[in-house]
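Colleague: If you scroll down you'll find the structure; I have some questions about it.
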Amino acid sequence: MPLITVRTSCESPSAAAVDALLLDLSARVARHLGKPEAYVMTAFEAGVPMTFAGSRDQPVCYLELRSVGGFSPTTTAAVSADLCQLVADSLGVPPERTYVAFMAAEGYLWGWNGRTFG
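Using this note's numbering, you'd call the opening residue of the sequence shown number 20 and step up by one each time.
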């Protein structure tokens, strides 16, 4: 049920690099949230026109993590630190130009396989 979406102003790296990033994100999200990786979905969008602090002169990244449960102040702080570092290492986007948004969903608002989680 967790979904992590990455949107960046960076041009897309190679297909192999994108695959590696998505697989890494999937494993990290599952570990941080204590969810089975079988339920984790990842998405990546590159080349998105974006600004940060009123400028487009440096790369920008926005990550959105949605989940049914699994969030706490301690967890979100750890996830933010981990994912900002991952984005810096894999895409070259500085942590100070990266936002990580956490969206909690009720189980009845999340559908999968013809049913909901609540």
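Glycine residues also receive a C-beta, built at the ideal position from the N, C-alpha and C atoms.
Note that the structure is a prediction, hence the values are computed from the model and not measured.
If we ignore side chains and look at the alpha-carbon of each, how far apart do Pro113 and Ala100 end up?
Modeller: 12 Å
Colleague: For Leu102 versus Val79, is the C-beta spacing smaller than 8 Å?
Modeller: no
Colleague: Where does Gly21 land, buried or exposed, given buried means 16+ other C-beta within 10 angstroms?
Modeller: The sequence given here places Pro at residue 21; Gly does not occur at that position. Pro21 should be labelled buried.
Colleague: What did DSSP end up calling Ser91 once you bin it into helix, strand or coil?
Modeller: coil
Colleague: Between which two residues does the alpha helix (DSSP H) harbouring Ala57 extend?
Modeller: Note, Ala57: premise wrong, no alpha helix (DSSP H); not H, not E.
Colleague: For Leu110, count neighbouring C-beta atoms within 10 Å of its own C-beta (all shown protein chains included) and say buried if the count is 16 or more, exposed if not.
Modeller: buried
Colleague: Looking at the secondary structure, which residues open and close the beta strand (DSSP E) in which Tyr81 lies?
Modeller: Cys80 to Ser86
Colleague: Ordered along the chain, which non-local residues of its own chain (more than five positions away) have a Cβ less than 8 Å from that of Met122?
Modeller: Within the same chain, Met122 has close Cβ partners Glu83, Leu84, Arg85 and Ser86.
Colleague: Any idea if Ser31 is buried or exposed, counting beta-carbon neighbours within 10 angstroms, 16 or more meaning buried?
Modeller: exposed
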